[in-house]
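Below is one structure, written out as structure tokens; comments come after it.
There are 2 protein chains.
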Amino acid sequence: MKNDAENDILFMCKALKFAREAFRRMEVPIGAVIVKDDNIISHGYNLKERKRIATKHAEIIAIERACKALGNWRLTGTTLYVNVEPCIMCVGAILQARIQRVVFGCNDDKFGALGSLYDMHDDKRLNHNFTLKAGVMRQESIKLLQDFFAAIRKGRLDCNRP
Amino acid sequence: MKNDAENDILFMCKALKFAREAFRRMEVPIGAVIVKDDNIISHGYNLKERKRIATKHAEIIAIERACKALGNWRLTGTTLYVNVEPCIMCVGAILQARIQRVVFGCNDDKFGALGSLYDMHDDKRLNHNFTLKAGVMRQESIKLLQDFFAAIRKGRLDCNRP
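Respectively, the protein sequence lines represent chains A and B. Once you know that position 81 of the first sequence is 81 in my numbering, the rest is easy, because the numbers rise by one and skip nothing. Once you know that position 99 of the second sequence is 99 in my numbering, the rest is easy, because the numbers rise by one and skip nothing.
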């Protein structure tokens, strides 16, 4: 078994792979995987524009699939990896699902709820808290977003977010 | 056309009707409707236990159905009615969907993000704000929850939330 730091890089690479799937579909490139006992139990990537549904963020899709995979709304003992800091909605879903740990790549100054706009992982009034690791594969995560928005500016993509 | 206050009561009664559907299914009784131009375009009720999926709150279900009904993730010009103050996840979804107005019945001291734990409708850092009306059919909303939890205590229902 790899150590935690190696595992975090490995699984973030998987999340970035799914983020590139979103990019190919002209969606803001955000991907997520959920891991339990060193195994990926679900994944998701942003499909908000394609599906025309406001809730179809990578994390929500991955959480719903993980619940189905485990047959339980409680995702106890799981870690969610996502290349960009989750928004309020997605952090709310992480709390609802009782996810134990969240690892993300780069911050989202406009919408992030785990350090940027809010610190929701550490609100002791809530009935659930989770541990947080930020900045895993940060540079790769930033570059992927920069490449995406550069492509938009060049007119190759017609997309906006959120 | 009825005036706004009459409309609010009328549509909250509909949300409460769907909340009772949740109750009948042994779910915490929360129901929601989304209204545009005085017409209900979608509804939802809590199905978290039944579906075993953490995201299946009344508001999320109603928002996803409204996006499908309008063919657009932007629910511009809509009002969401729900009998209980929405949680962080649901307020995040309301923000993502750009809902214009939210009306709720009773507060949720433990999980509510529109006055109880947070005041997210009024966070000027966000790219969207919405107007809020709290306390419509408050007593009926409180009584429905009390009836539900009394039934649980009597052992008639096996359920917990969130």
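Note that the Cβ used here is the ideal one computed from N, Cα and C, for glycine as well. Just so it is clear, the structure is predicted and the values come from calculations on it, not from any experiment.
- The Cβ of residue 51 of chain B sits closer than 9 Å to at least one Cβ of chain A.
- At least one C-beta of chain A is nearer than 9 Å to the C-beta of residue 64 of chain B.
- Counting every other CB atom within 10 Å of its CB across the protein chains shown gives residue 4 of chain A a total below 16, marking it as exposed.
- Taking every protein chain shown into account, the CB of residue 96 of chain A has 16 or more other CB atoms within 10 angstroms, so this residue is buried.
- Residues of chain B with a Cβ closer than 7 Å to the Cβ of residue 67 of chain A are, in chain order, 52, 53, 54.
- In the DSSP assignment, residue 42 of chain A falls within the unbroken beta strand (DSSP E) covering 39 to 45.
- Straight-line measurement puts the Cα of residue 134 of chain B at about 15 Å from the Cα of residue 16 of chain B.
- DSSP places residue 35 of chain A in no alpha helix (DSSP H) but in the uninterrupted beta strand (DSSP E) bounded by 31 to 36.
- Counting only the Cα atoms, residue 39 of chain B lies some 18 Å from residue 104 of chain B.
- In this structure, DSSP gives residue 28 of chain B a state outside helix and strand, which the three-state scheme calls coil.
- With fewer than 16 other CB atoms across the displayed protein chains lying within 10 angstroms of its CB, residue 143 of chain A is exposed.
- In this structure, A/28 is the residue among A/28, A/110, A/106 with its C-alpha nearest to the C-alpha of residue 151 of chain A.
- A direct Cα-Cα distance of roughly 10 Å separates residue 146 of chain A from residue 140 of chain A.
- The segment 65 to 137 of chain A is shown to contain whole beta strand (DSSP E) runs of 3 or more residues at 78 to 84, 101 to 106, 131 to 134, in chain order.
- The Cβ atoms of residue 113 of chain A and residue 91 of chain A lie closer than 9 Å to each other.
- Residue 57 of chain A has a beta carbon lying within less than 9 Å of a beta carbon in chain B.
- Residue 93 of chain A is positioned such that its CB atom lies no closer than 9 Å to that of residue 58 of chain A.
- Contact annotation: in the segment 121 to 133 of chain B, residues whose CB is within less than 9 Å of a CB in chain A are 123, 125, 126, 127, 128.
- A distance below 8 Å between beta-carbons, with the five flanking residues on each side excluded, links residue 11 of chain A to the following residues of its chain, in chain order: 33, 35, 40, 79, 81, 103.
- The three-state secondary structure of residue 51 of chain A, taken from DSSP, is helix.
- Rounded to the nearest angstrom, the gap between the Cα atoms of residue 110 of chain A and residue 44 of chain A is 22 Å.
- Here the alpha carbons of residue 76 of chain A and residue 37 of chain A stand approximately 11 Å from one another.
- In the structure shown, the three-state DSSP call for residue 14 of chain B is helix.
- DSSP, read as helix, strand or coil, puts residue 143 of chain B in helix.
- In the displayed model, residue 7 of chain A falls within a helix according to three-state DSSP.
- Closest in C-alpha terms to residue 101 of chain A, from the list A/121, A/55, A/149, A/71, comes A/121.
- Residue 119 of chain B counts as exposed, since fewer than 16 other beta carbons sit within 10 angstroms of its beta carbon.
- Less than 9 Å divides the Cβ of residue 25 of chain A from the Cβ of residue 47 of chain A.
- Scanning its chain for C-beta atoms nearer than 7 Å, with the 5 sequence neighbours on each side dropped, one finds around residue 116 of chain B the residues 85, 107, 108, 109, in chain order.
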